[in-house]
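Enquirer: Note that our numbering gives residue 1338 to position 10 of the sequence shown, counting from 1, and the numbers run on in steps of one. A virtual CB, placed ideally from N, CA and C, is assigned to each residue, including glycine. Here it is, the structure, as structure tokens.
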Amino acid sequence: MLHNIFPISYYCQKVKNFDDVQEEVKQAIQGCSFEYKKEWGLTHKLSNANSDWNECVLNKFKMINLIDEIKNAMLEYAPLFNIEYSESWITRFDYRDYAHVHSHSSSLTGRRNSNISGVYYYQLPPDDKSFYFVNNTNNDVAVPDYKTGYLILFPSSLSHGVNNNTTDIQRYSLSFNLYGDLK
1329 MLHNIFPISY
1339 YCQKVKNFDD
1349 VQEEVKQAIQ
1359 GCSFEYKKEW
1369 GLTHKLSNAN
1379 SDWNECVLNK
1389 FKMINLIDEI
1399 KNAMLEYAPL
1409 FNIEYSESWI
1419 TRFDYRDYAH
1429 VHSHSSSLTG
1439 RRNSNISGVY
1449 YYQLPPDDKS
1459 FYFVNNTNND
1469 VAVPDYKTGY
1479 LILFPSSLSH
1489 GVNNNTTDIQ
1499 RYSLSFNLYG
1509 DLK
């Protein structure tokens, strides 16, 4: 389902193959260690905090169901793109963790800039609405309507952030950057 903000379109919908995707992400979480990225301070913990951004957890853990969900969502969101995965990682937000406002318009790997970024929500506290977009022109804020099991796609240049986790329930998400060329 497409939504417009600022007027920028983003994609936000629950994945169709929820149980299989959840199991894939669960296995990946169990196979990762999570640490703060030293350069960012005590913000949030990453699955690849001590490695370069070339690690792609989608491929490393063979998440074929989630990859299929992303491909299908891209057919609706940006059907004119041939996509490749640039990088992907899992983020864990413990009590008080947050993500500062940022964008993904430049590639973290040193490759060309990503076109589309995304996030899959594996585990959220009830009624969590911590993820938000920021209009780069006037600083207006918009919060998408998402829950556990939802996939969000958006332009990599769109600023976004995550408010502090105010609960003892860990938030887990899998984020990724995509790049591609027009078909």
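1. Alpha carbon to alpha carbon, how far is Y1450 from D1348? Give it in angstroms, no decimals.
2. Using three-state DSSP, classify I1444 as helix, strand or coil.
3. Grab the span of the beta strand (DSSP E) containing L1452 for me, first residue to last.
4. The beta strand (DSSP E) that contains L1502, what's its start and end?
5. Quick check: what's the CA-CA separation for E1351 versus L1394?
6. Touch check for the region 1361-1378 and the region 1397-1405: three-plus C-beta pairs under 8 Å?
7. For L1481 and N1505, what's the separation of their Cα atoms in angstroms?
8. With distances taken between CB atoms, is the gap from H1430 to G1489 smaller than 8 Å?
9. Kindly list the residues whose CB is nearer than 8 Å to the CB of L1510, restricted to its own chain and excluding five residues on each side of it in sequence; keep chain order.
Expert: Considering the structure as presented:
1. Residue 1348 sits at position 20 when you count from the first residue of the sequence shown. Residue 1450 sits at position 122 when you count from the first residue of the sequence shown. In this structure, the straight-line span from the alpha carbon of D1348 to that of Y1450 is close to 12 Å.
2. For the purposes of this step, residue 1444 is taken as the residue at position 116 of the sequence shown. Note: I1444 maps to strand in three-state DSSP.
3. Taking the first residue of the sequence shown as position 1, residue 1452 is located at position 124. For L1452, no beta strand (DSSP E) segment is defined, and its DSSP state is neither H nor E.
4. Position 174 of the sequence shown, counted from the start, is the residue given in the question as residue 1502. Unbroken beta strand (DSSP E) run through L1502: 1499-1510.
5. The residue you call residue 1351 lines up with position 23 of the sequence shown. The residue you call residue 1394 lines up with position 66 of the sequence shown. Pairing E1351 with L1394, the inter-Cα distance amounts to about 10 Å.
6. No, the region 1361-1378 does not touch the region 1397-1405.
7. As a first step, residue 1481 is located in the sequence shown; it is residue number 153 there, counting from the start. As a first step, residue 1505 is located in the sequence shown; it is residue number 177 there, counting from the start. The alpha-carbon atoms of L1481 and N1505 are separated by roughly 9 Å.
8. Along the sequence shown, read from residue 1 onward, the residue named residue 1430 stands at position 102. Along the sequence shown, read from residue 1 onward, the residue named residue 1489 stands at position 161. In terms of Cβ geometry, H1430 and G1489 form a close pair [threshold 8 Å].
9. Stepping through the sequence shown from its first residue, residue 1510 is reached at position 182. Excluding residues up to 5 positions away in sequence, L1408, F1409, N1410 lie with their Cβ nearer than 8 Å to the Cβ of L1510 in the same chain.
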